[in-house]
Amino acid sequence: MSLNLADLYEAVSDAIPDRVALVCDGQRRTYAELDTRATQVGHQLQELGIRPGDHVGLHMRNSLEFVESLLGCLKARAVPININFRYTDAELSYLYGNAELVGVIVDGDLAATAAAVLPACPTVKHVLTLGPTDADLGAVTHVDYELGVSAQSAERDFGERSNDDHYVIYTGGTTGMPKGVVWRHEDFFHAALGGGNHYGDSYTSAAEVAAAAAAAETPMTFLVTAPLMHGAAVYSLFSGFFMASKQVLMRQFDAVEALRLVEAESVSCVMVVGDAIARPLADAIAAHAGEHDLSSLFMIGSGGALWSRTVQAQLTELLPNLYLRDSFGASESGADGTLAMGEDGSMRMAPSANAVVVDETLQPVEPGSGELGYLARRGHVPLAYYNDPAKTAATFPVVDGVRMSVLGDMARVEADGTIVLLGRGSGCINTGGEKVFPEEVEQALKSHPAVMDALVAGAPDPLYGERVGAVVQLREGFDEPSLEDVQKHCRTQIAGYKIPRSLVVAPFIVRSPSGKADYRWAKATVAEAGAEAAAPSTRG
515 MSLNLADLYE AVSDAIPDRV ALVCDGQRRT YAELDTRATQ VGHQLQELGI RPGDHVGLHM
575 RNSLEFVESL LGCLKARAVP ININFRYTDA ELSYLYGNAE LVGVIVDGDL AATAAAVLPA
635 CPTVKHVLTL GPTDADLGAV THVDYELGVS AQSAERDFGE RSNDDHYVIY TGGTTGMPKG
695 VVWRHEDFFH AALGGGNHYG DSYTSAAEVA AAAAAAETPM TFLVTAPLMH GAAVYSLFSG
755 FFMASKQVLM RQFDAVEALR LVEAESVSCV MVVGDAIARP LADAIAAHAG EHDLSSLFMI
815 GSGGALWSRT VQAQLTELLP NLYLRDSFGA SESGADGTLA MGEDGSMRMA PSANAVVVDE
875 TLQPVEPGSG ELGYLARRGH VPLAYYNDPA KTAATFPVVD GVRMSVLGDM ARVEADGTIV
935 LLGRGSGCIN TGGEKVFPEE VEQALKSHPA VMDALVAGAP DPLYGERVGA VVQLREGFDE
995 PSLEDVQKHC RTQIAGYKIP RSLVVAPFIV RSPSGKADYR WAKATVAEAG AEAAAPSTRG
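All the letters of the sequence shown, read from the start, carry residue numbers 515 to 1054 under our numbering.
In structure tokens, the structure reads:
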């Protein structure tokens, strides 16, 4: 049996059919029930004419049906495409077209949004709607999801699948339109899902994954707070399946509801995406912990976004026995490792056979040399960006016959092989020849008691070329701090040349529809603040 994701799930389902796999909005599915429904979804897609390799958009919020559809696509060897339900018409039109969708499965209340872009997307021939809708979907074949799926066969008669079948994740990034990262199933299994075992050696067959699942007498229960349209949440979902876990999905994140679910479902691990989820969760624990039994919770795991030291410290102060796991990875590379904090406050990742730092010629940086380079991954990496050969060549180069994924993150390598992460190279601020990485300054800003969120970008400076500018969102109930107050606070944590020279207080921090920092907005905002908002360009 292959390492195809559908084969792997079926093997686990056969091994633990009666265990609860999913909980969402009070509904439950055992592993066998989820497998049956996914099989029916696969047959519905086949009945519509969806063929192996066809792309099917999942334009949905978190739900049991989202997961059924995801697995159903894989069973039929179709390629599920994650659609961000927050996208505007222009972004949706681009994504539908760039992905060359043949079919779309869409929540009923989002169907009108989908219908608005269909005329510009002639490849879409079939739409399944989940829930009532009165949207005019034009000439496409339109099927009610529940009516269509429930009428299908539950027989697994899809034929042989392959390690080479594709799995595509569209990622928004911080600039430009979304890009579709094309993975082989086998590569995705090893790179993104830890080979089915994030805490030990990778498994090499579906039989090994199934045997481990069956042997797991007390598997963890995960609370998935993030939308499944994001890569980090899907990594968590599949990893949980292969660990025999029960997973509780939140249709929409609400921090207090998350605490209720921890108690109600005896959740052992909450999956978050950096501060955007972790900070409200920490504040909710502080305000409401006495109202909920959180004794089952022993781990919070984050991936896909910055998780500041301040929020981590707040969580461990509130729940001293909590284990925090800060995972580093990307849609273009998978799960690359776990971050730990150095004594100097730097973010560090243990040596790995697959992670390497390369220079501009794509050659490895000498450990201990102090040279800065770009973090890259070797081994199981994606094949390409879908329909984008130029960006594919830049991000997934083949060097000496080996494909690499070269990320935008800059790093250096210690003598013992430890990788020290510095930040995104594209956002690096050059101020008088000194390099300042926004993430380090953002960490310092977020530790200020009045700051809820922050972004840092370079602004023009007549003397130094660029100066460090900050945009902050205040915590509720706090007075606006002065620039001098913020500078004094930051000076205790970072060097003088890194301290913000201007400060803009915004009602909220703008992020892309994928939840990532919008540094274009931050750069424009600090530039608009003007020279009058800047402190004297003196540096200590």
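Note that the Cβ used here is the ideal one computed from N, Cα and C, for glycine as well.
In whole angstroms, give me the CA-to-CA distance for residue i and residue j.
i, j, result
"proline 865", "tyrosine 684", "29 Å"
"valine 570", "glycine 617", "5 Å"
"lysine 1037", "isoleucine 943", "11 Å"
"leucine 795", "alanine 769", "5 Å"
"valine 913", "tyrosine 888", "15 Å"
"alanine 520", "arginine 670", "11 Å"
"glutamate 700", "asparagine 518", "6 Å"
"leucine 742", "aspartate 975", "42 Å"
"serine 780", "glutamine 826", "22 Å"
"proline 531", "alanine 819", "34 Å"
"methionine 861", "valine 682", "29 Å"
"alanine 929", "proline 881", "5 Å"
"alanine 958", "leucine 773", "28 Å"
"asparagine 677", "phenylalanine 702", "10 Å"
"glutamate 846", "glycine 694", "9 Å"
"glycine 843", "alanine 790", "17 Å"
"arginine 938", "valine 657", "44 Å"
"glycine 817", "alanine 746", "6 Å"
"glutamate 1046", "glycine 567", "Because the pLDDT at glutamate 1046 is just 47, under 50, the model does not fix this residue reliably, and the value given afterwards should be weighed accordingly. Cα to Cα, the separation comes out at about 57 Å."
"arginine 533", "arginine 989", "42 Å"
"glycine 856", "glutamine 1007", "14 Å"
"alanine 546", "glutamate 582", "12 Å"
Ignore the nearest five residues each way along the sequence and tell me which others in residue i's own chain have a CB closer than 6 Å to its CB.
i, result
"aspartate 488", "One cannot answer for residue 488 here, as it falls past the ends of the chain, which runs 515 to 1054."
"glycine 946", "Tyr978"
"alanine 625", "Thr643, Thr647, Ala649"
"proline 1050", "Any reading at proline 1050 needs caution, since the residue's pLDDT is 47, under 50, leaving its predicted position unreliable; the model's value is listed next. Correct list: empty, nothing qualifies."
"glutamine 1058", "Absent from the structure is residue 1058, since the part of the chain shown begins at 515 and ends at 1054."
"aspartate 873", "Val879, Gly887"
"alanine 1043", "Ser1016, Val1018"
"glutamate 956", "Ala968, Val970"
"threonine 1052", "With a pLDDT of 47 at threonine 1052, under the threshold of 50, the predicted position of this residue should be treated as unreliable, and no value is reported."
"leucine 588", "Leu519, Ala520"
"glutamate 998", "none"
"glycine 710", "Tyr717, Val723, Phe756"
By alpha-carbon positions, which one of the options ends up nearest to residue i?
i, options, result
"leucine 578", "Arg542, Gly947, Glu771", "Arg542"
"asparagine 621", "Phe599, Asn612, Ala604", "According to the sequence displayed, residue 621 carries aspartate and not asparagine. Nearest of Phe599, Asn612, Ala604 to aspartate 621, Cα basis: Phe599."
"alanine 720", "Ala984, Glu524, Pro733, Val631", "Glu524"
"serine 841", "Tyr713, Leu585, Asp532", "Tyr713"
"arginine 839", "Leu829, Ser845, Glu846, Asp528", "Leu829"
"leucine 562", "Glu605, Asp603, Lys639", "Lys639"
"glycine 788", "Glu953, Thr550, Leu522", "Glu953"
"tyrosine 1019", "Ala1041, Gly941, Ala984, His704", "Per the sequence shown, the amino acid found at residue 1019 is valine instead of tyrosine. Closest option to valine 1019, Cα to Cα, is Ala984."
"phenylalanine 672", "Val526, Ala592, His802, Gly754", "Ala592"
"tyrosine 659", "Tyr601, Gly586, Met691", "Gly586"
"tryptophan 697", "Gly1010, Pro1021, Ser919, Glu994", "Ser919"
"arginine 1015", "Gly972, Glu994, Gln1007, Glu990", "Gly972"
"alanine 529", "Pro594, Ala726, Leu588, Met863", "Ala726"
"valine 982", "Glu998, Phe951, Phe992", "Phe951"
"arginine 1034", "Gly941, Met785, Val776, Thr1006", "Gly941"
"serine 996", "Ser667, Pro896, Ala964, Gln1007", "Ala964"
"alanine 854", "Thr932, Gln558, Ala898", "Thr932"
"glutamate 805", "Val776, Cys783, Arg793, Trp821", "Val776"
"arginine 926", "Ala904, Gly884, Val526, Ala908", "Gly884"
"isoleucine 619", "Pro594, Thr602, Ala613, Thr718", "Pro594"
"threonine 655", "Leu737, Gln558, Arg675, Ala590", "Gln558"
How about residue i: is its Cβ closer than 8 Å to a heavy atom in the ligand HEM?
i, result
"serine 527", "Of the ligands one can find in the structure shown there are none, so the ligand HEM has no counterpart to examine."
Going by DSSP, which residues form a beta bridge with residue i?
i, result
"glycine 937", "Met924"
"glutamate 980", "Pro974"
"glutamine 761", "Leu536, Phe736"
"arginine 892", "Met918"
"proline 878", "Val872"
"phenylalanine 580", "DSSP lists no partner for phenylalanine 580."
"arginine 698", "His680"
"aspartate 840", "Ser816, Leu853"
"aspartate 987", "In the sequence as displayed, the identity of residue 987 is glutamine instead of aspartate. BP columns for glutamine 987 point to Asp967."
"serine 1016", "Gly983"
"threonine 544", "Val534"
Report all residues from its chain with a CB closer than 7 Å to the CB of residue i; omit the five preceding and five following residues, and keep chain order.
i, result
"tyrosine 837", "Phe812, Met813"
"aspartate 539", "Arg765"
"histidine 704", "Ser716, His894"
Tell me which residues share the same chain as residue i and place their Cβ nearer than 8 Å to its Cβ, disregarding the 5 neighbours each side in the sequence.
i, result
"glycine 708", "Ser716, Ser753, Ala849"
"valine 786", "Thr739, Ala740, Ala792, Leu795, Ile814, Gly815, Ser816, Trp821"
Any chance the region 721 to 734 sits against the region 758 to 767, with 3 or more Cβ pairs inside 8 Å?
-> yes
For the 8 Å Cβ check, are there 3 or more pairs between the region 762 to 776 and the region 546 to 554?
-> no
Check whether the region 602 to 609 touches the region 622 to 635, counting contact only when three or more Cβ pairs, one atom from each stretch, lie closer than 8 Å.
-> yes
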